[in-house]
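Residue 18 is where the sequence shown starts when you use this note's numbering, and the numbers rise one by one after that.
We put the beta carbon where it would ideally sit given N, CA and C, even for glycine.
Since we're looking at a predicted model, the values are computed, not measured.
Below is one structure, written out as structure tokens, with a few remarks after it.
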Amino acid sequence: MKKIYKTVKMIDMSDWDKLVSDTYKKPYCFQQQDGCKPRGIHTIIIPEEFYEKEKYEEEMNDSVPEVINNEEEMGVKFKVWLDRDPDAPLNPSDEELKKCPYYWGKSEQDEKEWKKDKSNINFFWIRNFYPNIQAVANDLYKKGLIEAGEYIINIDW
């Protein structure tokens with residue numbers, strides 16, 4: 018019988034998210050990235066032999082507007098993600114805040130509370146403030162937390 022398949026390792030999305038969140042102590046949800054991923058699989062090779070840090074980092078932003086669901090600018094450089102305190106309040110400009118579909122404030126006090134609200138901060142992190150998955154995967158490999166190989170991340174919610 019001819020072998021027409023290959024063996025890959027499957028990671029459930031929730032297990033991947035937990036590994037990343039627990040390792041870096043930051044909010045993380047792979048499915049919510051890039052405008053929310055549909056059900057399916059995402060293939061990743063760890064470590065990426067042809068990984069060019071500069072290439073992946075060029076695709077990511079130095080910063081993004083500090084609002085939830087800004088689909089024009091999502092994703093940040095790995096170091097930027099690592100350096101930010103996950104409890105830091107959001108600090109959008111007045112213009113950015115006006116465009117945010119998740120802003121519920123009516124007064125200056127509402128605005129202050131919204132910027133410090135933990136659920137808003139977490140939502141910002143998982144929807145807009147995340148690193149390139151290959152940068153994360155290679156770093157987890159360097160830390161000895163994941164084996165080398167070809168993986169599929171099963172995205173189901």
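Pull up the distance between the alpha-carbon of residue i and that of residue j, whole angstroms please.
i: P64; j: G166; result: 7 angstroms
i: I58; j: I85; result: 25 angstroms
i: D102; j: D134; result: 14 angstroms
i: I150; j: Q126; result: 37 angstroms
i: D104; j: K23; result: 43 angstroms
i: E88; j: L36; result: 26 angstroms
i: P109; j: D156; result: 30 angstroms
i: K26; j: I169; result: 6 angstroms
i: K160; j: Y41; result: 11 angstroms
Select from the options the residue whose C-alpha is nearest the C-alpha of residue i.
i: E76; options: Y168, Y158, L157 and A152; result: A152
i: E128; options: H59, K42, D111 and I163; result: D111
i: K43; options: V81, Y168 and F141; result: F141
i: K115; options: N145, E83, I143 and I138; result: E83
i: E113; options: V25, G52, V81 and M30; result: V81
i: C53; options: I61, M30 and C117; result: M30
i: N78; options: D173, W174, G161 and N145; result: N145
For residue i, count the other beta carbons within 10 Å of its own beta carbon; 16 or more makes it buried, fewer makes it exposed. Which is it?
i: W121; result: exposed
i: Q49; result: buried
i: A239; result: A question about residue 239 goes unanswered here, because the residues of the chain that appear run from 18 up to 174.
i: M18; result: exposed
i: R56; result: exposed
i: K94; result: buried
i: L107; result: buried
Round the Cβ separation of residue i and residue j to the nearest angstrom and send it over; I've been treating them as touching at under 8 angstroms.
i: I28; j: N171; result: 7 angstroms
i: Y158; j: W98; result: About 17 angstroms separates the two Cβ atoms, so there is no contact after all.
i: D34; j: F47; result: 6 angstroms
i: D51; j: M91; result: 6 angstroms
i: Y45; j: I143; result: 6 angstroms
i: Y131; j: N139; result: The sequence shown places Trp at residue 131, rather than the Tyr named in the question. Not really, about 13 angstroms apart at Cβ, beyond 8 angstroms.
Secondary structure at residue i, three-state DSSP: helix, strand or coil?
i: Y168; result: strand
i: M18; result: coil
i: T24; result: coil
i: D173; result: coil
i: D100; result: helix
i: I58; result: strand
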